[in-house]
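*Asks:* Here it is, the structure in full.
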Amino acid sequence: MSTTVTRSNSSTMTVQLATPSQSLLQPLMHSLKVSEPPKVATEHVEDIEDTSNVSGSNDPPKDTETEKEWFIGSIDQGTTSSRFLIFNSHGEPVASHQIEFENKYPRSGWQEHDPLELVSSVHDCIEEATEDFLDLGYKANQIRAIGITNQRETTVCWDKNTGLPLYNAIVWPDTRTKSLVRELKGRKGVDKLRDLCGMPLSTYPSSVKLMWMYRNIPEVRKAYDESRLAFGTVDTWLIYRLNGATQNNIHVTDTSNASRTMFMNIHTLQYDDELLDFFQIDQKNVTLPKIVPSSHPDAFGALVGGVLKGTRITGCVGDQSAALVGQCAFNEGEAKNTYGTGCFLLYNVGSKPVISQHGLVATVGYHIGDKATYALEGSVAVGGSGVKFLENNMGFIKKSSEVEKLALSVPDNGGVVFVTAFSGLFAPYWIDDAKGTIFGITAHTQRGHIARATLEATCYQTAAILSAMHADSGKELKNLAVDGGMSESDLCMQTQADVSGIPVERPAMRETTALGAAIAAGLAVGAWGSLDELRGWRGRGKRTFTPKIEVAERKKGVKRWEKAVQMSKGWVEEDEAEEGSDTEEEEKEDRVEEEQRMAGGEITAREAVREAARRALAERRTRKSSGDGAKTAERADEGGGEKIAA
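466 is the number that our numbering gives to position 426 of the sequence shown; each next residue is one higher, with no gaps.
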């Protein structure tokens, strides 16, 4: 477990720290003001260019002035680490702390967290960052409220009688539900899902993760049958535990997170019976969190312990929505893109949802004030991870920050196009059987051409999503606000402007995700009067990249990219698509490992994983030997179309 501390003092020396990745969309580079000489930090996978990002305050004022200041805390819980940042009234971070935690990969395509470790990492971050804040001469009671932003779709189930998790959290990119999704796509009513909740059926939403746990984890099924099962996404789980779990039973979520479950009607912002029935969920057996706005003075409770005991939690926003708020994209037609391991684009469509007809997701952008603000969302699977591929798999570079230098060693891509479909292609294509393909290689091709094509792949996919957003909304996007590790690359951002045909704006302060949660929390307690008061923050100290190529050249590049996308289809063979294929070594490991029991004879989460894997393997073998009849038996075995109920 590693930590990163950020604090401000009287020194004007700036040090760039590159931190480990938190999620696909979360800001990855932090700058600190320190009095000690700068130290070299471990490089981040997505850091492409080392730059100074000056943020935070200067010298703490004198005591009398200090006591008049106020601050807002922000919990930023991501996929690989948790953070706590403290922002001043100008939206600048003055102290922060970060802790990495373990990601568990028990089988191919599976990804899990220990739910209790998520909570402990958040608690420790709050304690450490606040101690640094106090060392600057401030007082704990000057932190008026706390906001939470979190990885979305990640699913937690716990016993509402004990407050303890029944299984590991299933993380948002986990793909164990592939066969379940295939089954559900053949079910009556599937065509209505997108219109009701804004999302297409896939392995991402929390709904299918909950269904999988019911079918495969005995403790979850037993708790459901006995009506003591509690469900939530990471925001709900953190709020529940930070409020003392069973002590206060605060069980809530905000609309931005609820919109990622496929349980909430995106028009009414409430749970929908038709959606719950489709996913076989009976609210008599499972407690779902109450849905509330993203900014609320009372709904989220308060910390029950620690140095900030009694401080209210007044804001809650899913991470990508929080970045939209942090970028101050409050106007209809404004958009942001977070360049992390992958990329997430959110486009503000105003007070009414737009159900996409061009491969995008309709989601709640944020709910601050009387009405929710909706967004169209598109995701790119490979962003910074493409750079990591060049480093680890190809050996083209020794560290990620070298990719820009390599790409600049050639004047252009030399005709090379790299479709980085390592896991198929996401929005707006949604091509599951695509594979990574490189076109246009000649005897002249150098590593620099491939490096440049790797950066261009992210930019072209982003441009395709922007075109889909324009088609869905009917409005022309005027500029694109950016953040995240890859946005540090001047070459990448200039390329983005060139292939999109619009200006790209990179702000000086990149902690937009955490800032978004702080804004939601601060507005709830009157720290700021309204969103209008903050509009001037958008693009503060920004650098703008404007298109430099001719329209004809842009169209030629887009046409070549789209041709390559079509040629990348169909490379996944049927046997490769079979979910969870086991190697002989994995099968042997499953056979020889002994089952472990918890006190009282309860099955541990690890054992449950193995049982589920063994069951899946047995079912695959049955299908291969018995054909369609076995498939019918398998569906009946799993409960078929029956509603989950006692």
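By construction, the Cβ of each residue, glycine as well, lies at the ideal position given by its N, Cα and C atoms.
Do you know whose CA, among A415, D172 and R487, lies nearest V450's CA?
*Replies:* R487
*Asks:* For G341, collect the residues of the same chain with a Cβ closer than 7 Å to its Cβ; drop the 5 residues on either side in sequence, then sort them by chain order.
*Replies:* I279, N283, N288, I290 and I353
*Asks:* My guess is that V443 and V427 are in contact by the Cβ rule of under 8 Å, so how many angstroms apart are they, rounded?
*Replies:* 5 Å
*Asks:* Assuming contact is defined by CB atoms lying nearer than 8 Å, are G272 and P329 in contact in what I supplied?
*Replies:* yes
*Asks:* Hey, could you find the ends of the alpha helix (DSSP H) T690 is sitting in?
*Replies:* Here the chain covers residues 41 to 686 and nothing more, so residue 690 does not appear.
*Asks:* Mapping the DSSP letters down to three states, classify K225 as helix, strand or coil.
*Replies:* K225 falls in the coil class under three-state DSSP.
*Asks:* S414 lies in the beta strand (DSSP E); which residues open and close that run?
*Replies:* Ser is not the amino acid found at residue 414; the sequence shown has Tyr there. Its beta strand (DSSP E) spans residues T413 to V420.
*Asks:* Can you tell me which residues form a DSSP beta bridge with C356?
*Replies:* I188
*Asks:* Rounding to the nearest angstrom, what Cα-Cα distance links I408 and S299 in this structure?
*Replies:* 15 Å
*Asks:* Where does the unbroken alpha helix (DSSP H) through N181 begin, and where does it stop?
*Replies:* First-last for N181: undefined, no H or E at that position.
*Asks:* Identify every run of the alpha helix (DSSP H) within the segment 372-434, keeping only runs that are complete inside it and at least 4 residues long; order them along the chain.
*Replies:* 424-432
*Asks:* If you pair each beta-carbon of the segment 587-595 with each one of the segment 531-547, do three or more pairs fall below 8 Å?
*Replies:* yes
*Asks:* Please report how far the alpha carbon of K411 lies from the alpha carbon of S391, in whole angstroms.
*Replies:* 7 Å
*Asks:* In or out: M434 buried (at least 16 other Cβ within 10 Å) or exposed?
*Replies:* Taking all protein chains in view, the Cβ of M434 is surrounded by fewer than 16 other Cβ atoms within 10 Å, so the residue is classified as exposed.
*Asks:* Who are V326's beta bridge partners in DSSP?
*Replies:* L269, per the DSSP bridge assignment.
*Asks:* Ends of the beta strand (DSSP E) at D235?
*Replies:* It is not in any beta strand (DSSP E) - D235 instead sits in the alpha helix (DSSP H) that spans L233 to C237.
*Asks:* Of all the alpha helix (DSSP H) runs that stay within the bounds of the segment 468-545, which reach a length of 4 or more residues?
*Replies:* 487-513 and 530-540
*Asks:* Whole angstroms is fine: what's the gap from A491's alpha carbon to Q367's?
*Replies:* 29 Å
*Asks:* Assign T202 to buried or exposed, taking buried as 16 or more other Cβ atoms, counted over all protein chains shown, within 10 Å of its Cβ.
*Replies:* The residue is exposed, with fewer than 16 neighbouring Cβ atoms inside 10 Å.
*Asks:* Which partner residues of Q151 appear in the DSSP bridge assignment?
*Replies:* Looking at the DSSP assignment, Q151 forms no beta bridge with any residue, so it has no partner.
*Asks:* Spatial neighbours of N453 within its chain, please: CB distance less than 7 Å, with the 5 preceding and 5 following residues excluded, ordered by chain position.
*Replies:* H489, R492, A493 and E496
*Asks:* Which word fits F319, buried or exposed, when buried means at least 16 other C-beta atoms lie within 10 angstroms of its C-beta?
*Replies:* buried
*Asks:* Between the segment 179-194 and the segment 110-121, are three or more C-beta pairs nearer than 8 Å?
*Replies:* Because the criterion of three Cβ pairs below 8 Å is met, the segment 179-194 and the segment 110-121 touch.
*Asks:* Going by DSSP, what residue range makes up the beta strand (DSSP E) through V457?
*Replies:* V457 to V459
*Asks:* Am I right that G346 and E167 are in contact with their C-beta atoms under 8 Å? What's the rounded C-beta distance?
*Replies:* 6 Å
*Asks:* Which residue wins for smallest C-alpha separation from E516, given the options L315, I505 and M526?
*Replies:* I505
*Asks:* Quick one: is G131 buried, meaning 16 or more other Cβ sit within 10 Å of its Cβ, or exposed?
*Replies:* buried
*Asks:* Take G238 and list the residues in its own chain whose beta-carbon comes closer than 7 Å to its own, dropping the five residues that flank it on each side.
*Replies:* S299, I306, P393, I395, V401, A402 and T403
*Asks:* On the three-pair Cβ rule with 8 Å, is the segment 323-339 touching the segment 558-567?
*Replies:* yes
*Asks:* Between N181, P543, E171 and V326, which lies nearest to S267 when the distance is taken from Cα to Cα?
*Replies:* The option with the nearest alpha carbon to S267 is V326.
*Asks:* Please return the same chain residues whose Cβ sits closer than 6 Å to the Cβ of T215, not counting the five positions on each side in sequence.
*Replies:* G149 and T243
*Asks:* Under the rule that 16 or more other beta-carbon atoms within 10 Å means buried, what is W470, buried or exposed?
*Replies:* exposed
*Asks:* Taking 6 Å as the limit between beta carbons, can you name the residues of its chain near L125, skipping five residues before and five after?
*Replies:* S114, P133, S136 and A554
*Asks:* What span of residues does the beta strand (DSSP E) with V134 cover, start to end?
*Replies:* Note, V134: beta strand (DSSP E), P133 to E140.
*Asks:* Quick one: is L348 buried, meaning 16 or more other Cβ sit within 10 Å of its Cβ, or exposed?
*Replies:* buried
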